[in-house]
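Residue numbers (my numbering): 1 to 439.
These notes are about the structure you will find just below.
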Amino acid sequence: MKKVVKFGGSSLASPEQFEKVGKIIKSDPHRVYVVPSAPGKRFDGDEKVTDMLYGAYALAKKKKSFTKELNAIKARYQEIIDGLKLKVSLSGEFDKIKEDFEKTCGEDYAASRGEYLNGILLAAYLGYEFIDAATVIFFHKNGDLNVEKTQKCLSEALNNTPKAVVPGFYGAMSDGTIHTFSRGGSDITGSLVAKACRADVYENWTDVSGFMVADPRVVKNPKSIETITYRELRELAYMGATVLHEEAIFPVRKEGIPINIRNTNAPEDEGTWIVEGTVQKSKYVITGIAGKKGFCAINIEKDRMNSEIGFGRKVLQAFEENEISFEHVPSGIDTMTVFVHQSEFVEKEQRVLAAIHKLARPDSIDLETDLALIAVVGRGMKDTRGTAGRIFSALAHANLNVKMIDQGSSELNIIIGVKNDDFEDAIRAIYTIFVDTQI
Ligand code: ADP
Ligand code: ASP
Ligand code: MG
1 MKKVVKFGGS SLASPEQFEK VGKIIKSDPH RVYVVPSAPG KRFDGDEKVT DMLYGAYALA
61 KKKKSFTKEL NAIKARYQEI IDGLKLKVSL SGEFDKIKED FEKTCGEDYA ASRGEYLNGI
121 LLAAYLGYEF IDAATVIFFH KNGDLNVEKT QKCLSEALNN TPKAVVPGFY GAMSDGTIHT
181 FSRGGSDITG SLVAKACRAD VYENWTDVSG FMVADPRVVK NPKSIETITY RELRELAYMG
241 ATVLHEEAIF PVRKEGIPIN IRNTNAPEDE GTWIVEGTVQ KSKYVITGIA GKKGFCAINI
301 EKDRMNSEIG FGRKVLQAFE ENEISFEHVP SGIDTMTVFV HQSEFVEKEQ RVLAAIHKLA
361 RPDSIDLETD LALIAVVGRG MKDTRGTAGR IFSALAHANL NVKMIDQGSS ELNIIIGVKN
421 DDFEDAIRAI YTIFVDTQI
């Protein structure tokens, strides 16, 4: 039995958190490979080391002094070294980082040092071997993961090392340049390590007792989800439930390795199991709710558009030509609406509108901004009648205006569009009707 354990930033933010992590690892001899993030926030309002590194590097790039900023980062690590009485010095590492920053070595390199240094400290604390991710995780020139090379090098390294710490978030291109995953990407490293060593389970330790039915920052004390499928999780992660990076499921999914989300601050809690499939019914009709703000809707009207062959394609072509991806496209007899990310759309809006006019010759186009999309996800929805109706009535009771409702063909999710300002209230209303009233 082998377990891969990934610890997020808040789990490794201070010496006290390191001690909790040490206890968790030592309490189970199967926890042999450890993937750490960079030190995260120690308290509300604190700064993550990754953000501090981006900040310091931005100054270095402008050829401004970054001494103060780098010293603040150094202090974060020194606090951990002193608190744990480690016999490690990072001063040589920091001299090198300073030099590399001055040579403007790249933003990814800068950010990756957060995990790299934390990995060195954690390996020393646990007495585990340190494996630099740059020697085992590889990217192609275009930034995509080099799956074959990574699998080969990583599994070889792990085969030769019974207990190791592999820092998360980064790897290297074939020329040695450091490259990172997108933010939150240590979850992906953990998943790759789990696949490479054929782990029995991938434990992802964070600061909540598993995946909750809704974001705990929106709904007070939401219920935890015991078991969730990869597909459900992907829908929720994509729509903003950031507990686990949405790409972290791919490496383990095909290998049948379950992911267990656990709480470093409450290790006795079972957390959430993320599995390929399950016959277990979820406690409620829905498994989870998540959402994102910052969309806009382009409403296109044309009489009898439904009988005009190719109309939809022409409209979408206008977005394609301007390299804008669309999120949802609900349509009716004479109307079609395209939901896009507002930030991507604003700078190109006039070009897109002109292209729609030219290609599709609509009667009218109007725009609606500041919208949010909410996904209600659940494998139980397809066997339950009236889910959409309940969502509608919950929102109506809460006096919230629904801009759009769209059910995916998989019947795994229902997407609802509301005003940005109504976002939190809408999530709370949906949570209440499915979880609190439980009818
Ligand atoms: P880590 O640093 O350990 O990787 P993250 O901050 O990436 O942790 O993810 C955990 C956070 O995700 C929680 O603290 C919580 O605020 C947030 N979150 C958002 N949606 C949910 C949800 N549905 N369930 C649990 N946590 C959620
Ligand atoms: N430290 C990185 C971030 O803040 C990666 C991670 O935490 O997974 O995004
Ligand atoms: Mg995370």
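Each residue gets a CB set at the ideal place from its N, CA and C atoms; glycine is no exception.
{"Item": "Three-way DSSP call (helix, strand, coil) for Gln317 in this model", "Value": "helix"}
{"Item": "With 16 other Cβ atoms within 10 Å as the buried cut-off, status of Pro162", "Value": "exposed"}
{"Item": "Rounded straight-line distance, which links the Cα of Phe345 to that of Leu70", "Value": "37 Å"}
{"Item": "Straight-line gap, Val435 to Asp303 (C-alpha atoms, nearest Å)", "Value": "42 Å"}
{"Item": "Whole-number beta carbon distance between Glu327 and Phe339, since they are thought to touch under 8 Å", "Value": "4 Å"}
{"Item": "Whole-angstrom C-beta distance between Val5 and Ile25, which should lie under 8 Å", "Value": "7 Å"}
{"Item": "Local Cβ density within 10 Å of Val418, reported as buried at 16 or more and exposed below that", "Value": "buried"}
{"Item": "Range of the contiguous alpha helix (DSSP H) that encloses Met212", "Value": "Careful: Met212 lies outside any alpha helix (DSSP H) and carries neither H nor E."}
{"Item": "The ligand ADP heavy atom lying under 8 Å from the CB of Phe211", "Value": "yes"}
{"Item": "Sequence-distant residues of its chain with Cβ nearer than 7 Å to Asp334 (five each side left out)", "Value": "Glu301, Lys302, Asp303, Arg304, Met305"}
{"Item": "Spatially closest choice to His140 from Thr180, Met239, Asn160, Ser65, by CA coordinates", "Value": "Thr180"}
{"Item": "Distance between Met381 and Asn413 (C-alpha atoms, nearest Å)", "Value": "8 Å"}
{"Item": "Status (buried if at least 16 other CB within 10 Å, exposed otherwise) for Gly441", "Value": "With the chain running from 1 to 439 in the structure shown, residue 441 is simply not present."}
{"Item": "Residues bridged to Tyr33 [DSSP beta-bridge criterion]", "Value": "Val4, Ala164"}
{"Item": "Contact between the segment 343-357 and the segment 398-409 (3+ Cβ pairs under 8 Å)", "Value": "no"}
{"Item": "Assigned exposure category for Val21 - 16 Cβ within 10 Å defines buried", "Value": "buried"}
{"Item": "Inside the segment 215-253 only - alpha helix (DSSP H) runs reaching at least 4 residues", "Value": "230-238, 249-253"}
{"Item": "Segments assigned alpha helix (DSSP H), at least 4 residues, entirely inside the segment 408-436", "Value": "423-431"}
{"Item": "heavy atom of the ligand ASP below 8 Å from His245 C-beta", "Value": "yes"}
{"Item": "Contacting residues, own chain, Cβ-Cβ under 8 Å from Gln280 (five flanking each side not counted)", "Value": "Glu226, Thr227"}
{"Item": "Residue of Ala110, Ser89, Val88 minimising C-alpha distance to Lys98", "Value": "Ala110"}
{"Item": "Proximity of Phe211 and Gly291 at Cβ, strictly below 9 Å", "Value": "no"}
{"Item": "Cys153 in three-state terms, based on DSSP", "Value": "helix"}
{"Item": "For Ala372, the residue or residues it bridges with in DSSP", "Value": "Val418"}
{"Item": "Contact under 9 Å by Cβ, Arg390 with Val218", "Value": "no"}
{"Item": "The segment 138-154 touching the segment 165-184, judged by at least three CB pairs closer than 8 Å", "Value": "yes"}
{"Item": "Inter-residue spacing [alpha-carbon to alpha-carbon] between Val377 and Pro36", "Value": "30 Å"}
{"Item": "Start-end ranges of the alpha helix (DSSP H) lying completely within the segment 38-74, minimum 4 residues", "Value": "49-61"}
{"Item": "Thr189 CB to nearest heavy atom of the ligand MG below 8 Å", "Value": "no"}
{"Item": "Alpha-carbon spacing of Val213 relative to Ala360, whole angstroms", "Value": "42 Å"}
{"Item": "Distance cut-off 8 Å: Thr242 Cβ against heavy atoms of the ligand MG", "Value": "yes"}
{"Item": "Assigned exposure category for Ile309 - 16 Cβ within 10 Å defines buried", "Value": "exposed"}
{"Item": "As assigned by DSSP and simplified to three states, the class of Ala111", "Value": "helix"}
{"Item": "Alpha carbon of Thr50 to alpha carbon of Tyr57, nearest angstrom", "Value": "11 Å"}
{"Item": "Distance CB(Gly9)-CB(Ala38) smaller than 9 Å", "Value": "yes"}
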